[in-house]
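The structure appears right after this line, and notes come after that.
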Ligand code: C2O
Ligand code: CU
Ligand code: CU
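Residue numbers (my numbering): 2 to 507.
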């Protein structure tokens with residue numbers, strides 16, 4: 002009797018646990034399937050293109066008696082109506098959202114009078130600019146709430162599309178998301194001569210792409226717990242315009258694309274797959290145009306492309322799913338997402354544009370053969386080479402005037418990119434192979450997908466400043482804020498690194 006009852010109880014327990022397990026498996030599986038199918042975002046075919054794309058104004062400047070071009074930038078808070086009647090609290094430079102386009106000539110001396118009228122300390126970093134470390138606007142050049150800062154330097158690099166944005170350690174993502182970003186264009190004698198579209202706002206259009214999510218009128222900057230890259234917005238804006246279109250009156254139009262998103266990677270192309278010519282990368286013009294129909298940009302990267310238009314047509318700049326990266330989690334990092342970004346509307350009559358020049362810029366980059374030093378960087382969200390960022394620790398010391406090769410390795414399980422302050426570099430190899438055409442120009446930021454080893458060549462021309470570091474970091478801003486950043490100083494021959502101070506806003 003006892004035995005039978007025992008066996009019955011055992012049977013009941015087994016059946017119950019089997020049922021419970023089954024239900025759990027179904028729930029987990031169903032939950033996963035639900036997360037999986039809900040994980041991709043697409044605005045393709047859903048964007049109304051109802052607002053004319055804004056073009057950031059060119060910043061006014063004055064030229065002082067010593068020839069220095071002086072700009073004023075005021076960091077301020079305000080409200081922006083991205084849609085009529087719905088004011089969103091935002092930050093901007095000289096306005097409520099984004100900032101004016103600064104423009105200077107190679108060889109010119111510039112000075113920017115920065116005023117911070119926010120109630121938080123911040124910085125202004127000149128991304129892609131070759132300048133002294135103390136002028137760089139990294140986390141060591143904090144501008145206190147209510148404070149001012151006036152960096153000056155001589156522009157000494159080829160024509161390029163650079164940008165500026167805050168860089169306070171631990172809060173860069175927030176400050177950029179609220180709207181602090183702008184372009185800094187450099188011209189040179191050669192770029193002024195070239196037959197490239199160059200009427201700013203007419204056939205030469207800045208295209209600052211950001212992703213956003215609204216919660217009512219406010220920005221929702223929440224991260225999905227599944228996304229390892231950081232914040233992923235559900236819609237895109239160009240130059241702060243939602244649902245943007247722009248009319249085009251020329252046969253050829255140049256788009257200066259900037260990925261100003263904090264984590265999202267875009268793969269730009271057109272809705273009809275037309276080819277366009279890549280003419281410039283982060284730090285300047287390519288040697289010659291490269292025809293393609295997709296260009297991938299990770300946060301911080303720029304590309305200058307020239308697209309050809311036919312009278313009366315409309316074409317949409319679209320962002321397609323990632324091509325690279327075979328890790329399945331990419332779905333949760335925006336890898337399967339697609340966006341209709343900007344509609345170009347060609348006029349009935351288009352002004353003829355000259356054919357693209359066969360030769361564009363000079364790379365002015367080291368080729369790795371004269372490298373004095375090699376360094377290795379293992380990229381992990383927890384820190385580069387195993388160390389999270391520390392404001393008072395110099396990680397690398399490089400000698401002024403020397404070239405180096407750096408090997409960047411992503412052996413982890415999530416996508417990163419890599420940005421180096423002060424210099425432009427050449428990509429020598431990607432997993433031992435020659436880089437694709439889009440990586441053959443001057444670069445200051447590159448995507449490093451999972452499983453990638455990349456070798457780059459850089460030259461540090463100084464000036465030397467053993468106490469003031471430049472940064473290198475992942476430009477997925479949540480990763481950077483989390484400590485995926487390191488510091489290097491440029492020293493004179495025989496000099497040693499000093500000790501950087503920890504400067505709170507002063
Ligand atoms: Cu665009 Cu260190 O940043
Ligand atoms: Cu930078
Ligand atoms: Cu990263």
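No residue lacks a Cβ here, since even glycine has one placed at the ideal position from N, Cα and C.
Cβ-Cβ distance between residue i and residue j below 7 Å
i           : j           : result
residue 81  : residue 62  : no
residue 263 : residue 11  : no
residue 466 : residue 41  : no
residue 297 : residue 268 : yes
residue 333 : residue 228 : yes
residue 270 : residue 321 : yes
residue 165 : residue 148 : no
residue 167 : residue 123 : yes
residue 409 : residue 428 : no
residue 180 : residue 92  : yes
residue 120 : residue 146 : yes
residue 374 : residue 405 : yes
residue 308 : residue 254 : yes
residue 455 : residue 431 : yes
residue 116 : residue 87  : no
residue 151 : residue 469 : no
Heavy atom of ligand 1 within 6 Å of residue i beta-carbon
i           : result
residue 183 : no
residue 472 : yes
residue 301 : yes
Distance cut-off 6 Å: residue i Cβ against heavy atoms of ligand 3
i           : result
residue 485 : yes
residue 477 : yes
residue 224 : no
residue 480 : yes
Bounding residues of the beta strand (DSSP E) (the contiguous stretch that carries residue i)
i           : result
residue 212 : 205-213
residue 116 : 110-117
residue 391 : Per DSSP, residue 391 belongs to no beta strand (DSSP E) and is neither H nor E.
residue 254 : 253-260
residue 201 : Unbroken run through residue 201: none, as it is neither H nor E.
residue 278 : 277-282
residue 302 : Residue 302 -> no beta strand (DSSP E), and no H or E assigned at all.
residue 268 : 267-271
residue 165 : 161-166
Where residue i sits in the DSSP three-state scheme
i           : result
residue 82  : strand
residue 238 : strand
residue 485 : coil
residue 505 : Interpretation of residue 505 is limited by its pLDDT of 46, a score under 50 that renders its predicted location unreliable; the figure taken from the coordinates is listed afterwards. Residue state, collapsed to three classes: coil.
residue 125 : coil
residue 493 : coil
residue 410 : strand
residue 446 : strand
residue 27  : helix
residue 439 : helix
residue 333 : helix
residue 131 : coil
residue 43  : strand
Residue interval of the alpha helix (DSSP H) (run including residue i)
i           : result
residue 177 : 173-178
residue 194 : 190-194
Heavy atom of ligand 2 within 6 Å of residue i beta-carbon
i           : result
residue 128 : yes
residue 176 : no
residue 131 : no
residue 166 : no
residue 417 : no
residue 170 : no
residue 374 : no
residue 422 : yes
CA-to-CA distance, residue j to residue i, given in whole angstroms
i           : j           : result
residue 411 : residue 46  : 35 Å
residue 277 : residue 32  : 42 Å
residue 139 : residue 392 : 11 Å
residue 243 : residue 52  : 7 Å
residue 380 : residue 487 : 11 Å
residue 436 : residue 118 : 44 Å
residue 14  : residue 26  : 18 Å
residue 236 : residue 67  : 46 Å
residue 517 : residue 132 : Absent from the structure is residue 517, since the part of the chain shown begins at 2 and ends at 507.
residue 407 : residue 377 : 6 Å
residue 176 : residue 137 : 17 Å
residue 274 : residue 318 : 10 Å
residue 126 : residue 347 : 36 Å
residue 506 : residue 344 : Note on residue 506: pLDDT 41, under 50, position unreliable in the model; the coordinate value appears next. Answer to the nearest angstrom: the Cα atoms are 43 Å apart.
residue 197 : residue 249 : 15 Å
residue 366 : residue 354 : 31 Å
residue 2   : residue 24  : Confidence at residue 2 is low in this model, with a pLDDT of 49, below 50, so the placement of that residue should be treated as unreliable; the coordinate-derived value is given next. Rounded to whole angstroms, residue 2 to residue 24 spans 33 Å at the Cα level.
residue 157 : residue 358 : 24 Å
beta-carbon residue i near ligand 4 non-hydrogen atom, thresh 6 Å
i           : result
residue 141 : In the structure on display, ligand 4 does not appear, and the ligands it does have are ligand 1, ligand 2 and ligand 3.
is_contact[residue i, chain C] using C-beta, thresh 7 Å
i           : result
residue 359 : As a matter of chain content, chain C is missing from the structure shown, which is built from one protein chain.
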